[in-house]
Amino acid sequence: MTDSTPPRTPPRVLTVAGSDSGGGAGIQADLKTMLALGVHGMSVIAAVTAQNSLGVQGYWELPPEAVRAQLESVLGDIGAQAVKTGMLASPVLVEVVAEVLGAYSAPVVVDPVGVSKHGDALLAPEAVETLRSRLLPVATVVTPNLWEVEQLTSVKVEDESGLRRAADAILELGPAWALIKGGHLPGEPVDLLTDGTVEHRFRAERHDNRHTHGTGCTLASAVASHLAQGDDVPTAVGKAKEYVTGAIARGFPLGDGIGPVDHAWHWRVDHAWHWR
121 MTDSTPPRTP PRVLTVAGSD SGGGAGIQAD LKTMLALGVH GMSVIAAVTA QNSLGVQGYW
181 ELPPEAVRAQ LESVLGDIGA QAVKTGMLAS PVLVEVVAEV LGAYSAPVVV DPVGVSKHGD
241 ALLAPEAVET LRSRLLPVAT VVTPNLWEVE QLTSVKVEDE SGLRRAADAI LELGPAWALI
301 KGGHLPGEPV DLLTDGTVEH RFRAERHDNR HTHGTGCTLA SAVASHLAQG DDVPTAVGKA
361 KEYVTGAIAR GFPLGDGIGP VDHAWHWRVD HAWHWR
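Residue numbers (my numbering): 121 to 396.
Have a look at this one:
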C-alpha cells in the first residue's frame, strides 16, 4: 500500500550572503545549517570569494541587478518565512537588499559581516554607514560579534559588564532585537539578547578547538531557521546557541589552517558516526 498523503512543504528560509569556496562559511554554511535544522534553504548570492582554510584570497561582488533579480525571483514565487543576511560587501548591495527586505513581511536576521575568521575584510569601509542606516532598521535580530559592535557603534566591550551597553548602542540603530556575541571575551562564553526591555543571557562551555570557521554564519542561519518554524526570538536564539555549541565542539581540521564547525554534528551523534 502506498502512502497517499501529499508531501508537506517545510518552512522556507532565504540567505543573502557571499559564497565561501571552502564550504565552511557563507552561503554554504547557511544552507547546511538550514538542512540540518529541517527547513528548506534558498540563496541569493551577493558576492563570490576565493577562500580556503588559510584565508580569503579575493572576492568579487555580483552586480546589483543580479542580486535584486535573485531576491525578486525567490520571494515573488516561493516566498520565505525568514531571511538571513551575511556578507553584502558594498553600499549599493546593502541598499538593494534593505529596499527589498524592508517591503517584505518576514523576520530578518542580520549578521553584519565585516571580516572573515582570518581577519580578511569582507565589507568595504564606505558600506558601514549604509549598513547602519538602511539595513539594521529593517532587522528583527542583529547578531554582531564584539569587533562588529565596535565597527558599527564605536562601543568597545572588554568584559561581560559591557555587553548591555553594546546592545543598547546597536538597538539605537533600529533593529527589534540585538544579540551581542561575547565569545571573544575571556572566561565562560556568554551572548546577550535584548530588545531594550527584556534581557536573556546564553552561556555555554568553552571548547578547546581552533576549528571554528563559520560560527557567525551558522548561528544567524540557525536563528532564522527556528524563527521560520514559529519560535519567538528568545526561543529561536536559545535553540540556535545549543546547535552552534555542538557544532563548535566537533569542528574538524581542513587544509592547513582553520577548519569549519561541523554542521552535521547531531546526525553523527544520533547515528554513532565517527571519523576514520
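Using N, Cα and C, we set each Cβ at its ideal position, and we do this for glycine too.
Query	Result
Burial state of S345, where buried means 16 or more other Cβ atoms lie within 10 Å	buried
Helix, strand or coil at P232 according to DSSP, with G and I counted as helix	coil
Simplified DSSP assignment, three categories, for I147	helix
Segment limits, beta strand (DSSP E) that includes A167	H160 to N172
Beta-carbon spacing of N265, G336 below 8 Å	yes
Rounded straight-line distance, which links the Cα of M207 to that of A247	11 Å
Residues bridged to D140 (per DSSP)	T169
At least three beta-carbon pairs within less than 8 Å, the region 319-327 to the region 351-370	yes
Limits of the beta strand (DSSP E) - the one that E319 falls within	E319 to R323
Meets three-Cβ-pair contact criterion under 8 Å: the region 173-180 and the region 307-318	no
One or two residues paired with E308 in a DSSP bridge	E308 is not bridged to any residue.
Cβ pair count under 8 Å reaching 3, the region 196-205 against the region 357-364	no
Under the three-state DSSP convention, the category P380 falls into	strand
Contact check, V168 vs V217, beta carbons under 8 Å	no
Nearest-angstrom Cα separation, counted from D352 out to K276	29 Å
Euclidean distance between Cα positions of D231 and P380	18 Å
From V220, S225, R132 and G316, residue whose alpha carbon lies closest to that of T153	R132
Through-space distance from H386 to L85, alpha-carbon basis	Because the chain spans 121 through 396 in this model, residue 85 falls outside it and cannot be assessed.
Sequence-distant residues of its chain with Cβ nearer than 7 Å to D376 (five each side left out)	S173 and L174
Cα-Cα separation, L151 to M162	7 Å
8 Å contact criterion, which P333 and A166 should meet: CB distance rounded	Reading off the sequence, residue 333 comes out as His, not Pro. Contact flag wrong, Cβ pair sits at about 19 Å.
Cα-Cα separation, P183 to P373	34 Å
Residues near R254 in its chain [Cβ-Cβ closer than 7 Å; skip 5 each side]	V214, E215 and A218
Contact belief for D279 with L305 at Cβ below 8 Å, rounded distance in angstroms	6 Å
Exposure of E268, with buried meaning 16 or more beta-carbon neighbours within 10 Å	buried
Rounded Cβ spacing between A156 and A384 (contact assumed at less than 8 Å)	6 Å
Classification of P127 by the beta-carbon crowding that lies within 10 angstroms, buried from 16 upward	exposed
Residue range of the unbroken beta strand (DSSP E) whose run includes Q177	G175 to E181
Beta-carbon proximity list for T273, same chain, < 6 Å, skipping 5 on both sides	A289
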